[in-house]
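Chemist:
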Amino acid sequence: MERIGNRLKSLREKRQMSVDEVAKALGFAKSVVWGYESAKKQVSVSHLELFADYYDVSVDYLLERNQKANTLDLLQLPLSNSIKVVVDDQYVNKEELAEVTSYLQIKRRLQEESM
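Residue 1 is where the sequence shown starts when you use UniProt numbering, and the numbers rise one by one after that.
1. Please list, in chain order, all residues of the same chain as residue 157 whose beta carbon is under 7 Å from its beta carbon, the five residues on each side excluded.
2. Please state if the CB of Leu8 and the CB of Val33 are separated by a distance shorter than 9 Å.
3. For Tyr91, write down the residues that DSSP places opposite it in a beta bridge.
4. If I'm right that Leu5 touches Glu37 with Cβ under 8 Å, what's the distance once you round it to whole angstroms?
5. Are the beta-carbon atoms of Ala23 and Lys30 separated by less than 9 Å?
6. What's the C-alpha gap between Leu62 and Phe28?
7. What does the Cβ neighbour count give for Tyr103, buried or exposed, with the cut at 16 atoms within 10 Å?
8. Quick test of your reading: Ser46 and Ala52, contact by CB under 8 Å. State the CB separation rounded to the nearest angstrom.
9. Using a threshold of 9 Å, state whether the C-beta atoms of Arg15 and Tyr55 are closer than that.
10. Return the first residue and the last residue of the alpha helix (DSSP H) that Glu64 is part of.
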């Protein structure tokens, strides 16, 4: 239960939202959200689904069965006719996409270290 609370709090903080804002958005009392985040209250399945939808993650992510939120790794997808990435009217090839991904990963690590 504590893990779920930590995950909910982390998602809220990443969005720079207050407990009050999340409570209002979901139609809960502020004490309910606080109770879930502090592991004082057990989250019901229906509330887990509401949180998952609100934060755009899976219930498995909230339960820590999946370490990644709803993500789509473009590098793992075959670049086929169904998905094309275009920049400046030119298709991005897999190598360019890998470079951009590496750049973003490095940039994010540096930002996390500076916090």
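Backbone N, C-alpha and C define an ideal beta-carbon position, used for all residues, glycine too.
Modeler: According to the structure shown:
1. For residue 157 there is no data in the structure shown, the boundaries of the chain being 1 and 115.
2. With contacts defined by Cβ atoms closer than 9 Å, Val33 and Leu8 form a contacting pair.
3. Val86
4. The question names Leu, but residue 5 in the sequence shown is Gly. Yes, Gly5 and Glu37 are in contact; Cβ-Cβ is about 5 Å, under 8 Å.
5. yes
6. 18 Å
7. exposed
8. With 8 Å as the limit, Ser46 and Ala52 do not qualify as a contact, their Cβ atoms being about 11 Å apart.
9. For Arg15 and Tyr55, yes; Cβs fall inside 9 Å.
10. Taken as a continuous stretch (DSSP letters only), Glu64 belongs to no alpha helix (DSSP H), as it is neither H nor E.
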